[in-house]
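Novice:
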Amino acid sequence: MRVRAIDLDGSLVMQPAVAAAARRDAGWIEAADLGPRLRLWSSARGMRDFAQRVADDGGGPTVTFLGSGDFHHLAVPLMAQVSQPFTLVHFDNHPDWVRFAPRWHCGSWVNRALELPQLRRVVTVGPCSDDLVWPQLKGANLAALRAGRLELYPWRHPPSRVFGDFDDGPGHSAAPGHIAWRCVGGAWDSFVDELCSRLPTDAIWISIDKDVLRAEDAATNWDQGAMPLSALTSALARLACRRRVLGVDVCGEYAPPRHRNLRKRFEAWTDQPRDAAGRDVSVNARTNEILLAQLARVMP
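Under our numbering, the first residue of the sequence shown is numbered 3, with each subsequent residue one higher.
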């Protein structure tokens, strides 16, 4: 397992375990010049510049740290380097499936991942956020859910009100005007074991936004979920035992939102919690150290 850290926003410099592992593996990539262009959303040219900066040398499974969750869309060009069929297992407090956001956006990137010809299915695990309240009004890609290309399993969430009729799926049951979600916080180990048995490919990619974790385990730019870190590390072990992990990306550090673009500044002001700047970011170093140790155990 190699470790790569892409320094887009200065947050990873404050992560001793990440910085040391990336420098040991010659995987520390300076990209602060690209950060403002890429944060929250990016143009196609910005994404091309990023892809060129991080072009993989084919050295085996890599764990890539991206900084703030504002950069989660940068996971897609990393996955695009995969040449074989794979399933994306996505841990996040948000579905990131918005269809009317800019094409390359941290809240819409799952739709770009679904365009990759080698990706067979996306499995999103852990949301607790209000994105599932009237999801169609918020741009949710429920068409992918209906088609079976996407499965979603909240950690906890009440049923969602929806327009139209839906069939039942592995992660939900439908009734007129409602989708009742299969919430997995209460039966975690059995859920993960079942999920491993149903994944359509032997190879998987794991994408982690640490805002899926409870506030005791992470401090991010976004609202926090409710998953304990122990649940995430347990899932990583079970997944890696049963499937072949091609790569992992991790985001969800806290980095002050210093946007020069007025539209980005407005979006950050309206969408992100106002108390984020006051959170204890020291928890992130401890969590990243635990994640790295677990991934090193399960990804030889």
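Ideal placement from N, C-alpha and C gives every residue a C-beta, glycine not left out.
Which runs of the alpha helix (DSSP H) fall wholly inside the region 67-125 and span at least 4 residues, in chain order?
Specialist: 77-81 and 111-115, all fully within the region 67-125.
Novice: Taking Trp-271 as part of the alpha helix (DSSP H), name the residues at either end of that continuous run.
Specialist: By 1-based counting over the sequence shown, the position of residue 271 is 269. Its alpha helix (DSSP H) spans residues 264-273.
Novice: Would you check if the region 20-36 and the region 4-11 touch, i.e. whether three or more CB-CB distances between them fall below 8 Å?
Specialist: At 8 Å Cβ cutoff, the stretches touch.
Novice: Determine the DSSP secondary structure at Ala-233, reduced to helix, strand or coil.
Specialist: Here residue 233 is taken as the residue at index 231 of the sequence shown, counted from 1. Looking at Ala-233 - three-state DSSP - the assignment turns out to be helix.
Novice: Could you pull the DSSP bridge partners for Ile-292 from this structure?
Specialist: If you number the sequence shown from 1, residue 292 lands on position 290. Its beta-bridge partners do not exist; DSSP assigns none.
Novice: Helix, strand or coil: which one does DSSP assign to Leu-134?
Specialist: Counted from its first residue, the sequence shown places residue 134 at position 132. Three-state DSSP puts Leu-134 in a helix.
Novice: What are the boundary residues of the alpha helix (DSSP H) that Val-194 is part of?
Specialist: Looking up residue 194 in the sequence shown gives position 192. Per DSSP, Val-194 belongs to the alpha helix (DSSP H) from 190-200.
Novice: When DSSP labels each residue in this structure, what does Val-20 get in the three-state scheme?
Specialist: Along the sequence shown, read from residue 1 onward, the residue named residue 20 stands at position 18. Of the three classes helix, strand and coil, the one that applies to Val-20 here is helix, per DSSP.
Novice: In the DSSP assignment, find the alpha helix (DSSP H) that holds Arg-184 and state where it starts and stops.
Specialist: Here the question's residue 184 lines up with position 182 in the sequence shown. Counting along the chain, Arg-184 falls outside any alpha helix (DSSP H), and DSSP gives it neither H nor E.
Novice: Going by CA-CA distance only, name the one from Gly-166, Leu-231, Pro-178 and Gly-128 that's closest to Val-186.
Specialist: If you number the sequence shown from 1, residue 186 lands on position 184. Comparing Cα-Cα distances from Val-186 to each of Gly-166, Leu-231, Pro-178 and Gly-128, the minimum goes to Gly-128.
Novice: Can you have a look at Val-65 and say buried or exposed, based on whether 16 or more other CB atoms are within 10 angstroms of its CB?
Specialist: Locating residue 65 in the sequence shown gives position 63, counting from the first residue. Under this definition Val-65 is a buried residue.
Novice: Below 8 Å on the Cβ atoms is my contact criterion, and I expect Gly-254 with Thr-222 to pass it. Report the Cβ-Cβ distance as a whole number of Å.
Specialist: Translated into the one-based positions of the sequence shown, residue 254 becomes position 252. Translated into the one-based positions of the sequence shown, residue 222 becomes position 220. With a Cβ gap of about 5 Å, Gly-254 and Thr-222 count as contacting.
Novice: Taking the alpha carbon of Leu-294 as the point to measure from, which residue in Val-252, His-159, Gly-69 and Ala-46 has its own alpha carbon closest?
Specialist: Here residue 294 refers to the residue found at position 292 when the sequence shown is read from its first residue. Taking only the C-alpha atoms, the option nearest Leu-294 is Val-252.
Novice: Take the Cβ of Glu-2 as the centre, count every other Cβ of all protein chains shown within 10 Å, and call the residue buried at 16 or more, exposed below.
Specialist: The question about residue 2 has no answer, for the chain in this structure spans 3 to 302.
Novice: Please work out which residues of its chain come closer than 8 Å, Cβ to Cβ, to His-180, disregarding the five sequence neighbours upstream and downstream, and give them in chain order.
Specialist: Locating residue 180 in the sequence shown gives position 178, counting from the first residue. Around His-180: Pro-161, Ser-162, Arg-163 and Val-164.
Novice: What does a CB cutoff of less than 6 Å around Leu-152 pick up in its chain, not counting 5 residues either side in sequence?
Specialist: Here residue 152 corresponds to residue number 150 of the sequence shown, with the count starting at 1. Same-chain partners within the cutoff: Val-124 and Ala-146.
Novice: Since Leu-241 and Ile-206 should fall inside the 8 Å C-beta cutoff, what is the C-beta to C-beta distance between them, to a whole number of angstroms?
Specialist: Residue numbering aside, residue 241 sits at position 239 when the sequence shown is read from its first letter. Residue numbering aside, residue 206 sits at position 204 when the sequence shown is read from its first letter. Their Cβ separation, rounded to whole angstroms, is 6 Å, which keeps Leu-241 and Ile-206 in contact under 8 Å.
Novice: Considering only the beta carbon of each residue, do Thr-126 and His-74 sit closer than 8 Å?
Specialist: In the sequence shown, the residue the question calls residue 126 occupies position 124. In the sequence shown, the residue the question calls residue 74 occupies position 72. Not in contact: Thr-126 and His-74 (Cβ atoms no closer than 8 Å).
Novice: Between the C-alpha atoms of Ser-192 and Leu-76, what's the straight-line distance to the nearest angstrom?
Specialist: If you number the sequence shown from 1, residue 192 lands on position 190. If you number the sequence shown from 1, residue 76 lands on position 74. Whole-angstrom Cα-Cα distance: 31 Å.
Novice: Can you give me the C-alpha to C-alpha distance between Leu-118 and Asp-98, rounded to a whole angstrom?
Specialist: On the sequence shown, residue 118 is found 116 positions in, with the first residue counted as 1. On the sequence shown, residue 98 is found 96 positions in, with the first residue counted as 1. Distance between the alpha carbons of Leu-118 and Asp-98 is about 16 Å.
Novice: Can the beta-carbon of Asp-58 be found less than 8 Å from the beta-carbon of Ala-34?
Specialist: Taking the first residue of the sequence shown as position 1, residue 58 is located at position 56. Taking the first residue of the sequence shown as position 1, residue 34 is located at position 32. No, the Cβ-Cβ distance between Asp-58 and Ala-34 is not below 8 Å.
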